[in-house]
Structure formats: structure tokens, C-alpha cells
Amino acid sequence: MSSGNVEEHQAAAMEATMEKLSEDPVVVNTSFSEEQEALVLSAWDAMKADSAAIALKFFLRIFEIAPAAKPMFPFLRDAGEDAPLESHPKLKAHAVTVFVMACESATQLRKTGDVKVREATLRRLGATHVKAGVADAHFEVVKTALLDTIEGAVPDIWTPEMKGAWEEAYDQLAAAIKEEMKLAASA
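For the sequence shown, the numbering used here assigns the number 11 to the initial residue and increments by one for each residue that follows.
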């Protein structure tokens, strides 16, 4: 896939993710302050233009923290041990989808006082995570990678308060996915 095609695919994935987030929302109760919302929005606004590159850094950080997580992603099983993850087109597309979903859901926390994530997306995420054997420790790895990545992307505006806002936002999204995992596991 040429560089232009990869970028077009990543942009299309980002746009599709943003559309999905606004359809058929599942409501998860949360309290998210105006200050937290402003902090999350300022970081996301600063990252949006470079979200594809930042998303890839996010996933590379996940694999740096937990190299054993790589086999949990079926599309990476075919990649050879020596194949650079940085150039894997399916990883790039997946990273954009996940990163944009996490950031967009974080920015929506306060609009109505609830997390909004498309119900079908949450169900699919729950089932996929159960099938992959995702455990609570994996969510913590992703949280650490997300926070590290955002801090690296916006170092000039990163503060302990911003970190706390992103932690709260991520925890709410993770709670929604874990709830769907429980439902998928009992089905």
C-alpha cells in the first residue's frame, strides 16, 4: 500500500470511528468536571492533526510495556519476528481506530454528563476482548501507554490535572468495555 493510500485509509478509519461514536450511544454514569473536560479537549485539539502518528506511538508503547501482548492481535500473528511494527498497515489502521475512539469518547464525557459509545461498538469490543483473553492488567497497560503517549504529544500543556482528567476518561471507557466483556462471557 502506498504512503498516500495508507494515509487515506487512516483518515477514513478515523472519520468512521468518529461517526460510530455518535450513533446509538450507551450511557455510562460518570461525573466529569468542566475543568477536566477543558483539559481533555485542549489535549485532543492539539493532537487531532497528527492523530495517526500519535496513535501508532500509542500502540508501540503498549508493545514496549507488554511485548507479550502482540499475539493478542490476530492481524499481527502473520508479521514475522523481525518485521517492523511501525510499518504494519493493519496495526496503523487499528491504532488510529482505537486512539480516536478513546479520545473522542473522552471529549464527550461532559456533553450530557455521560460517556457515549455506540452500543454495537461496545458489544463488539466486549466480545473481541473476551475472545483475546484480555484481563484487568491489560487495561492498565493500555492506560499507562495512553497517558505516556498523550504526555509525549502535548508536553507543553501536560499537567497533573490533565493526567487526572485523562485517567478518569479512560477509566470510564474501560469500565464500559469491561461491562460488555462480562455480558459476552456469560452469553
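Just so you know, even glycine gets a beta-carbon here, dropped at the ideal spot from N, CA and C.
Please name the residue, chosen from the options, that lies closest to residue i on a Cα-to-Cα basis.
i             : options                          : result
arginine 120  : Leu193, Ala155 and Trp176        : Trp176
alanine 65    : Phe109, Thr131 and Phe85         : Phe109
glutamate 114 : Lys192, Ala53, Phe83 and Ala195  : Ala53
lysine 80     : Ala105, Ala63, Asp60 and Leu135  : Ala105
alanine 142   : Glu74, Ala195 and Val50          : Ala195
threonine 138 : Arg71, Pro84, Lys102 and Leu95   : Pro84
lysine 173    : Ala62, Ile187, Val144 and Thr154 : Thr154
leucine 183   : Ala197, Phe68, Ala76 and Met111  : Met111
threonine 131 : Lys102, Pro99 and Lys188         : Lys188
leucine 101   : Asp60, Ala186 and Met82          : Met82
alanine 63    : Pro77, Ala76, Glu45 and Thr107   : Thr107
serine 61     : Ile75, Lys192 and Ala103         : Ala103
Let me know the secondary structure DSSP gives residue i once reduced to three states.
i                : result
lysine 100       : helix
lysine 121       : coil
serine 115       : helix
phenylalanine 83 : coil
alanine 209      : As shown, the chain starts at 11 and ends at 197. That puts residue 209 outside it, with no answer to give.
alanine 93       : coil
valine 106       : helix
Looking at residue i: is its Cβ nearer than 8 Å to the Cβ of residue j?
i             : j                : result
leucine 156   : glutamate 190    : no
methionine 57 : alanine 163      : yes
threonine 159 : phenylalanine 73 : no
leucine 95    : leucine 70       : yes
Report yes or no: do three or more beta-carbon pairs, one from the stretch 135-153 and one from the stretch 40-47, lie closer than 8 Å? no
Any contact between the stretch 46-63 and the stretch 161-181? By contact I mean 3 or more CB pairs, one from each, below 8 Å.
yes
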